[in-house]
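Below: the structure, in structure tokens.
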Amino acid sequence: MTAEKAFRFVILGGGSAGWITANLFAHHWRGKNVEIQVVESPDIGIIGVGEGSTPQLKAFFDQLNISESLWMPACDATYKIGIRFAGWSHKNGYDSYFHPFPAPLDMHSEPSFIRNAAMRRAGIDVPAHPDSFYLSPHLAAQRSGPHPSDNFPFELSYGYHFDAYKLGDFLRGHAASLGVRHIPMRIEDVIVGDDGNVDALLGEEGQRIDGDFFVDCSGFRAIINEKALGAPYIPFADNLFNNRAVVMPTPPDLDAAGSAAIATGATAMNAGWRWSIPLTQRHGNGYVYSDKYIDPDAAETELRAALDMLDSDVSARHLQMRVGRLADSWSANSLAMGLSQGFIEPLEATAIHIVIATAQQFMAAFDDGEFGPKNRDIFNQRIAARYEGIRDYIVAHYRLNQRGDNDYWRDNAANDHLSDNLKAMMTAWFTGKDMAAEIARLNIGNYYGNISWHCLFAGYGVFPDSRKLRAPLPHEGAADMVKIAHFMAGAARNFGSHKASLDRL
Ligand SMILES: Cc1cc2nc3c(=O)[nH]c(=O)nc-3n(C[C@H](O)[C@H](O)[C@H](O)COP(=O)(O)OP(=O)(O)OC[C@H]3O[C@@H](n4cnc5c(N)ncnc54)[C@H](O)[C@@H]3O)c2cc1C
Numbered sequence: 001m002t003a004e005k006a007f008r009f010v011i012l013g014g015g016s017a018g019w020i021t022a023n024l025f026a027h028h029w030r031g032k033n034v035e036i037q038v039v040e041s042p043d044i045g046i047i048g049v050g051e052g053s054t055p056q057l058k059a060f061f062d063q064l065n066i067s068e069s070l071w072m073p074a075c076d077a078t079y080k081i082g083i084r085f086a087g088w089s090h091k092n093g094y095d096s097y098f099h100p101f102p103a104p105l106d107m108h109s110e111p112s113f114i115r116n117a118a119m120r121r122a123g124i125d126v127p128a129h130p131d132s133f134y135l136s137p138h139l140a141a142q143r144s145g146p147h148p149s150d151n152f153p154f155e156l157s158y159g160y161h162f163d164a165y166k167l168g169d170f171l172r173g174h175a176a177s178l179g180v181r182h183i184p185m186r187i188e189d190v191i192v193g194d195d196g197n198v199d200a201l202l203g204e205e206g207q208r209i210d211g212d213f214f215v216d217c218s219g220f221r222a223i224i225n226e227k228a229l230g231a232p233y234i235p236f237a238d239n240l241f242n243n244r245a246v247v248m249p250t251p252p253d254l255d256a257a258g259s260a261a262i263a264t265g266a267t268a269m270n271a272g273w274r275w276s277i278p279l280t281q282r283h284g285n286g287y288v289y290s291d292k293y294i295d296p297d298a299a300e301t302e303l304r305a306a307l308d309m310l311d312s313d314v315s316a317r318h319l320q321m322r323v324g325r326l327a328d329s330w331s332a333n334s335l336a337m338g339l340s341q342g343f344i345e346p347l348e349a350t351a352i353h354i355v356i357a358t359a360q361q362f363m364a365a366f367d368d369g370e371f372g373p374k375n376r377d378i379f380n381q382r383i384a385a386r387y388e389g390i391r392d393y394i395v396a397h398y399r400l401n402q403r404g405d406n407d408y409w410r411d412n413a414a415n416d417h418l419s420d421n422l423k424a425m426m427t428a429w430f431t432g433k434d435m436a437a438e439i440a441r442l443n444i445g446n447y448y449g450n451i452s453w454h455c456l457f458a459g460y461g462v463f464p465d466s467r468k469l470r471a472p473l474p475h476e477g478a479a480d481m482v483k484i485a486h487f488m489a490g491a492a493r494n495f496g497s498h499k500a501s502l503d504r505l
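Okay, so the sequence shown: first residue is 1 according to our numbering, each after it adds one.
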């Protein structure tokens with residue numbers, strides 16, 4: 001960077017990926033001679049789904065010093081402390097389980113969970129359903145907010161549910177306050193120079209937008225990195241079958257005291273699953289499915305029936321999904337972010353998480369590389385590993401399903417297109433190995449840790465047949481479930497309602 005000429009970032013796309021990136025770049029390089037422009041086509045619009053987050057979104061807002069009271073009401077947002085998976089197992093006693101975000105308080109009961117799960121894997125009849133060992137399912141059942149009273153010094157880890165359109169509007173406004181320039185324009189062409197770098201984007205009336213570095217946030221259209229630069233795409237269709245979604249809102253779903261749910265619902269359906277996302281002004285629903293097993297009309301009917309909306313004239317939106325990733329997120333002088341970079345279906349709501357993580361790793365790599373490609377290869381390897389690590393955990397939900405009631409679920413359970421890491425994790429569980437040690441050996445703990453893997457296996461009831469279990473012996477140290485239940489009930493009393501948490505914003 002010279003002192004005279006600003007370094008020009010051009011971001012193509014104004015969906016969540018584009019505006020999150022613009023805000024992070026503008027914040028990170030504030031005070032530097034850097035210029036950021038976001039070009040977006042008003043007539044193409046954004047995908048407009050993607051309404052559940054991980055705690056990474058909280059970290060994002062914290063980093064930008066944007067308070068919850070500023071952005072949450074503007075985006076109809078609610079708190080999220082985890083996901084309830086229902087119907088993924090037909091095993092007796094395992095019809096649903098909660099996947100919590102990790103919280104410091106869990107360290108009190110977590111060792112008991114790991115221990116009991118290990119005993120049950122070894123054929124000993126002790127309780128090992130994850131819900132009994134975590135506070136979040138208790139709070140979710142009573143629709144508590146995530147903030148405890150002042151005399152209970154244990155914070156929960158949480159993310160959010162939000163309206164994707166409103167989030168985009170909010171982030172655009174905030175980016176403008178950081179000096180980001182917004183150019184409403186449809187891009188028709190990408191000019192690539194002889195050196196293989198992108199020189200400029202060309203608008204529909206021949207307008208030219210030059211830049212030093214480009215960020216492709218053009219969604220599934222993947223205009224710069226894949227189409228113009230020819231970055232190879234790696235589909236995940238062999239191990240993730242779902243390729244469509246049908247989406248439909250319902251009125252807000254509040255309990256008698258006015259609280260919305262504080263968890264995402266992920267309920268298994270005939271050929272996929274449906275999400276249930278509580279917002280303050282409406283409820284978001286979507287059925288993610290494979291059109292090899294059900295056609296779009298039948299999927300819409302199944303969703304309407306599940307929502308008791310068969311007679312409603314509320315229209316449904318049908319979407320196609322491309323599931324896979326670019327081999328390299330960063331090619332030449334362009335970084336792909338968001339749906340143009342890759343997408344691992346929305347089961348654990350990880351897409352925005354990956355956008356934020358990619359932006360953060362990129363900013364660090366770009367700084368270290370003095371605004372050049374020095375760190376490109378290592379950056380690309382890290383991002384690819386993140387995709388693979390998250391993909392494996394999502395694939396495990398399908399591969400381990402305990403349903404077997406139709407071809408969709410049977411084919412998923414029989415799917416042998418598994419990575420070596422996922423095979424190793426499954427072998428470790430079935431052979432009674434220490435899962436934490438296996439995660440460390442495979443170096444995958446940055447994506448999903450021991451608790452997430454335990455919740456998945458144990459939540460599905462992947463244990464020896466209950467008829468073959470033997471009673472525990474006193475010296476084997478099974479968890480004292482009465483004590484744990486007492487602890488959970490006591491801890492849960494320290495949290496007010498979800499409504500109260502939202503009202504204080
Ligand atoms: C069914 C489904 C459910 C999802 N659920 C979740 C979830 O719960 N949690 C989560 O984190 N993520 C989820 N996602 C992913 C999430 O929606 C996206 O990661 C996120 O919205 C980012 O999208 P994007 O900005 O990459 O693309 P888009 O929102 O599609 O934005 C693309 C932008 O590029 C612009 N553009 C495209 N072509 C041109 C052109 N030629 N000229 C100018 N501008 C152009 C468009 O106008 C738009 O502004 C879900 C995705 C799907 C499909």
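Yeah, the Cβ is synthetic: ideal placement off N, Cα and C, and Gly gets one too.
Check: Quick one: Cα of residue 365 to Cα of residue 383, how far?; Outcome: 12 Å
Check: Residues in the same chain with beta-carbon distance under 8 Å from residue 43, minus the five sequence neighbours each way, listed in chain order, please.; Outcome: 186
Check: Quick one: using the 10 Å Cβ neighbour count with 16 as the cut-off for buried, is residue 98 buried or exposed?; Outcome: buried
Check: Quick one: Cα of residue 92 to Cα of residue 378, how far?; Outcome: 46 Å
Check: If you run the structure through DSSP and keep just helix, strand and coil, what is residue 267?; Outcome: strand
Check: I'd like to know if the region 460 to 479 and the region 407 to 420 are in contact, where contact means that at least 3 CB-CB pairs between them fall below 8 Å.; Outcome: no
Check: Strictly by DSSP, which residues pair up with residue 284?; Outcome: 249 and 277
Check: What beta strand (DSSP E) runs, 3 residues minimum, are completely inside the region 175 to 201?; Outcome: 181 to 184 and 187 to 192
Check: Can you tell me whether residue 378 sits near ligand 1, meaning its C-beta is under 7 Å from at least one heavy atom of the ligand?; Outcome: no
Check: To test your reading of the DSSP string, which unbroken alpha helix (DSSP H) runs of 4 or more residues are found completely within the region 345 to 379?; Outcome: 351 to 368
Check: Compute the beta-carbon to beta-carbon distance between residue 28 and residue 458, rounded to the nearest angstrom, for a pair I have assumed lies under 8 Å.; Outcome: Between residue 458 and residue 28 the Cβ distance is about 40 Å, and since that is not below 8 Å, they are no contact.
Check: How long is the line joining the alpha carbons of residue 2 and residue 212, rounded to whole angstroms?; Outcome: Low local confidence applies: a pLDDT of 47 at residue 2 is under 50, so the model's placement there is unreliable, with the coordinate-based value given in what follows. Residue 2 and residue 212: Cα-Cα distance of roughly 12 Å.
Check: Since residue 292 is in the alpha helix (DSSP H), which residue starts that stretch and which ends it?; Outcome: No alpha helix (DSSP H) holds residue 292; DSSP gives it neither H nor E.
Check: I'd like to know whether the C-beta atoms of residue 359 and residue 20 end up nearer to each other than 8 Å.; Outcome: yes
Check: What does residue 79 pair with, by DSSP beta-bridge criteria?; Outcome: 160
Check: Kindly list the residues whose CB is nearer than 8 Å to the CB of residue 450, restricted to its own chain and excluding five residues on each side of it in sequence; keep chain order.; Outcome: 114, 435, 436 and 439
Check: Who does residue 233 pair with in a DSSP beta bridge?; Outcome: 326
Check: Between residue 247 and residue 218, what straight-line distance do the alpha-carbon atoms span, to the nearest angstrom?; Outcome: 21 Å
Check: What residue from 149, 32, 111 and 96 has the CA that sits closest to residue 498's CA?; Outcome: 149
Check: Who does residue 35 pair with in a DSSP beta bridge?; Outcome: 8
Check: For residue 335 and residue 308, I'd like the C-alpha separation in whole angstroms.; Outcome: 43 Å
Check: Report yes or no: do three or more beta-carbon pairs, one from the region 219 to 237 and one from the region 179 to 196, lie closer than 8 Å?; Outcome: yes
Check: Return yes when the Cβ of residue 164 is within less than 8 Å of the Cβ of residue 345, no when it is not.; Outcome: no
Check: Could I get the ranges of all uninterrupted beta strand (DSSP E) runs contained in the region 52 to 100, with 3 residues as the minimum, in chain order?; Outcome: 78 to 80, 82 to 86 and 96 to 100
Check: Between the beta-carbon of residue 394 and the beta-carbon of residue 347, is there less than 8 Å?; Outcome: yes
Check: Taking the beta carbon of residue 171 as the centre, do at least 16 other beta carbons fall within 10 Å, making it buried, or is it exposed?; Outcome: buried
Check: With burial defined as no fewer than 16 other Cβ atoms inside 10 Å of the residue's Cβ, what is the status of residue 4: buried or exposed?; Outcome: exposed
Check: Indicate the three-state DSSP secondary structure (helix, strand or coil) for residue 389 in the structure shown.; Outcome: helix
Check: For residue 265, I'd like the list of residues in its chain whose CB is within less than 6 Å of its CB, leaving aside the five on either flank, ordered along the chain.; Outcome: 84 and 276
Check: Check whether the region 281 to 299 touches the region 322 to 333, counting contact only when three or more Cβ pairs, one atom from each stretch, lie closer than 8 Å.; Outcome: no
Check: If you measure between the beta carbons of residue 501 and residue 145, is that distance less than 8 Å?; Outcome: yes
Check: Any heavy atom of ligand 1 within a distance shorter than 7 Å of the CB on residue 353?; Outcome: yes
Check: Can you tell me where the alpha helix (DSSP H) with residue 440 in it begins and where it stops?; Outcome: 435 to 442
Check: Mind the definition here: the region 29 to 43 touches the region 65 to 85 only if three or more C-beta pairs lie below 8 Å; say whether that holds.; Outcome: no
Check: Starting from the C-beta of residue 417, find all residues in its chain whose C-beta is less than 6 Å away, skip the five residues before and the five after it, and write them out in chain order.; Outcome: 238 and 239
Check: Is there contact here, the region 34 to 43 with the region 173 to 185, by at least three beta-carbon pairs under 8 Å?; Outcome: yes
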